[in-house]
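Asks: Got a structure for you, questions after.
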Amino acid sequence: MEKRSEAQRIAVIEPCVMTETALRFILNDRYNENSGIHFFKDVQSLTQTMNIRQVTAIIFSLSGHRQLRLESLLFFQEAAYTHPNILRIILANSGAERDLITQLVPFHLHGVLNKACGRETLQEQLFRLLEQQIAPRNEPASRKALYGHRLSSMEQTILRYIACGYSLSEIAVQMERNIKTIHAHKCNAMARLGISSDLGLLSAADILIHFPPPCCQDAAGEGIA
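Here our numbering is used: position 4 in the sequence shown is 4, and no number is missing along the way.
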């Protein structure tokens, strides 16, 4: 893997003061002379303060909250098309959140790290990502290849209904399926995603509903009217 040779300008979005202090300590261990590291509380302060085109990497540090997670994913989805040369890195709040994002987002991220893995491990993984040279990427093709690779169309549709607040019996009516069939597909989705709770399933559904469905649907899937 080739390494970056130019000086970097790294933007970090982290709303928590204590976590920001920890990340400053990690990043300043290497990026303290030739690189500019800028911290922001949210996307708005980043876009108002800096010219995105001059940024070489954007790091979104998540807290496990739904709104911040969705805000980061929507921002990176747009950046993947408008600024493909910017490194897009997410620091997930947990391994479960990392896995959900890795499996469900419909666009390319250069790294999704679990910031609860320990300082030395996180630092090593983060530095490795920040030093990589970005290869050209066909984002639409990558999107088609990545999206929904673990879930069937029916499982994705069921999760979308769950995100909209439908019960399993209501989903069965909407999809004209037996409730046992719906329950079986729900359990299959949880097993595929490594989820063991309804809260985790809701987090997955929350991600799915905010992004377009796959370009190709099989006969098992149905859209939400």
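Glycine included, C-beta positions come from ideal geometry on N, C-alpha and C.
Let me confirm a value: Leu-193 is counted as buried when at least 16 other C-beta atoms fall within 10 Å, else exposed. Which label applies?
Replies: With 16 or more Cβ atoms within 10 Å of its Cβ, Leu-193 is classed as buried.
Asks: Relative to the C-alpha of His-210, which candidate in Phe-25, Glu-78, Gln-8, Leu-46 has its C-alpha closest?
Replies: Glu-78
Asks: Which whole-angstrom value is the C-beta distance of Thr-56 and Arg-9, which I expect to be below 8 Å?
Replies: 5 Å
Asks: For Ile-226, which residues of its own chain have a beta-carbon under 6 Å away from its beta-carbon, when the five flanking residues on both sides are left out?
Replies: Since the first and last residues shown for the chain are 1 and 225, residue 226 lies out of range.
Asks: Just the Cα atoms here: how many angstroms apart are Leu-202 and Thr-102?
Replies: 16 Å
Asks: Lys-144 to Pro-106, Cα distance in whole Å?
Replies: Note that Lys-144 scores a pLDDT of 43, beneath 50, so its modelled location is shaky; the value from the coordinates is reported in the next line. Their backbone Cα atoms lie some 7 Å apart in a straight line.
Asks: Quick check: the Cα distance between Ser-142 and Glu-120, rounded to an integer number of angstroms?
Replies: Residue confidence for Ser-142 is low, a pLDDT of 48 falling below 50, so the modelled location carries little weight and cannot support an answer.
Asks: Which whole runs of the alpha helix (DSSP H) in the segment 52-133 are 4 residues long or more, in chain order?
Replies: 66-82, 95-104, 119-130
Asks: Going along the chain, which unbroken runs of the alpha helix (DSSP H) with 4 or more residues stay wholly within the segment 156-180?
Replies: Complete alpha helix (DSSP H) runs here, min 4: 168-175.
Asks: List the residues that DSSP assigns as beta-bridge partners of Gly-200.
Replies: Paired residue(s): none; Gly-200 is not in a bridge.
Asks: What residue range is occupied by the uninterrupted alpha helix (DSSP H) comprising Leu-25?
Replies: Sequence check: residue 25 is Phe here, not Leu. It spans 17-28 - the alpha helix (DSSP H) in which Phe-25 sits, taken as one unbroken run.
Asks: Quick check: what's the CA-CA separation for Ala-220 versus Ala-205?
Replies: Note that Ala-220 scores a pLDDT of 37, beneath 50, so its modelled location is shaky; the value from the coordinates is reported in the next line. Rounded to whole angstroms, the separation of the alpha carbons of Ala-205 and Ala-220 is 18 Å.
Asks: Can you tell me which of the three DSSP states Arg-143 falls into?
Replies: Interpretation of Arg-143 is limited by its pLDDT of 48, a score under 50 that renders its predicted location unreliable; the figure taken from the coordinates is listed afterwards. Helix, per DSSP.
Asks: Look up His-279 in the DSSP assignment and say whether it is helix, strand or coil.
Replies: Past the edges of the chain, shown from 1 to 225, lies residue 279, and the structure says nothing about it.
Asks: Have a look at Ser-167 and Ile-179 and give me their C-alpha separation to the nearest angstrom.
Replies: Going by the C-alpha atoms only, they are around 10 Å apart.
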